[in-house]
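Residue numbers (this note's numbering): -4 to 336.
Backbone N, C-alpha and C fix where the C-beta goes; we use that ideal spot for every residue, glycine too.
Here's the structure we're looking at; comments come further down.
Written out as structure tokens, the structure reads:
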């Protein structure tokens, strides 16, 4: 087994790519060398890693020679184009895009939930949609308390989910509004500051946007529950970082006691229970931002359904919703199938 690994990040100049760099350092991932890749327009920029200044190179088909682990976060088209080159060069690819998630031959993994989907021979692994990850970190542990029949979710999604440009637009528009200027949308389809709107993905013939469909399909695949009933509404909110979700879980029988649910969530890896009724303190995106854990709270029974349980969830989209989950996958793959440097 190699002690250290040659690592590449495709999309190193983006919000998730920069978070991958900091996460690798924070988690002390065994990096022998780090190659930063992006499109031609980002080539020549630099990023810092462990006190070193590293250049960002333009990605080309031969950029993955000698690479053991490649993290992709540059969009679906780039993943489809370059993942085969990275695999042929011998690298394990952990892909943050939507390109391969619903391919039945490719694992879609949240390591705390379905590590059994990872195989030693896996060469390409998909990171799920950020909203699906944050939902399932709270939902999956509850499966041990009874059969989950139906899930209703409303998301409150931050600018970080749309990348660095959307985060900057929210900041600029907020300043514009506070200083009396009209906000002009450039990245988002609608004014973002002090506003809410349906997730900025195409809407299908049934009236569901692409993000909502992803959460439904990916959750079913991760949980091995192809018939699980889910209804999802995804909304952009003027929050800089960290997504939140209101979740109602309906069991096939009477919902478990709140004490049992609290114990279950308190023991769940990667979850932190924030459920202070006396202090009226529950999960908040400000508190979730920068945290590895997904915050879960506001636990209560559904007054309209004895089988229902309600909760509120908040998690950092750039960390557990993307970069952290990707690195955890790589750590699990190293343990399952050591790669050689």
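{"Check": "Sequence-distant residues of its chain with Cβ nearer than 7 Å to residue 347 (five each side left out)", "Outcome": "Residue 347 lies beyond the residue range present for the chain, which begins at -4 and ends at 336; the question has no answer from this structure."}
{"Check": "Proximal residues to residue 152 (C-beta, below 7 Å), its chain only, five neighbours per side dropped", "Outcome": "126, 194, 229, 230, 231, 232, 238"}
{"Check": "Rounded distance between the beta-carbons of residue 101 and residue 226, thought under 8 Å", "Outcome": "Contact doesn't hold; Cβ gap of about 26 Å is too wide."}
{"Check": "Member of 314, 312, 215, 302 whose CA lies at the smallest distance from the CA of residue 108", "Outcome": "215"}
{"Check": "Selection from 240, 284, 297 that minimises the alpha carbon distance to residue 249", "Outcome": "297"}
{"Check": "Selection from 1, 15, 9 that minimises the alpha carbon distance to residue 321", "Outcome": "15"}
{"Check": "Check whether residue 81 and residue 88 have beta carbons under 8 Å apart", "Outcome": "yes"}
{"Check": "Coarse secondary structure for residue 21, derived from DSSP in three states", "Outcome": "helix"}
{"Check": "Helix, strand or coil at residue 335 according to DSSP, with G and I counted as helix", "Outcome": "Annotation note: pLDDT 48 at residue 335 (below 50); position unreliable, no value reported."}
{"Check": "Inter-stretch contact (C-beta, 8 Å, three-pair minimum) for the stretch 205 to 215 and the stretch 268 to 286", "Outcome": "no"}
{"Check": "Buried versus exposed call for residue 247 [16 or more other C-beta atoms within 10 Å across all chains shown]", "Outcome": "exposed"}
{"Check": "Closest by C-alpha distance to residue 137, when choosing among 255, 312, 58, 6", "Outcome": "255"}
{"Check": "N-terminal and C-terminal residue of the beta strand (DSSP E) that residue 41 is part of", "Outcome": "41 to 44"}
{"Check": "Neighbour-count burial assignment, residue 48, 16 or more Cβ in a 10 Å radius", "Outcome": "exposed"}
{"Check": "For residue 29, the nearest candidate out of 37, 20, 36 (CA to CA)", "Outcome": "20"}
{"Check": "Exposed unless 16 or more other CB atoms sit within 10 angstroms - verdict on residue 56", "Outcome": "exposed"}
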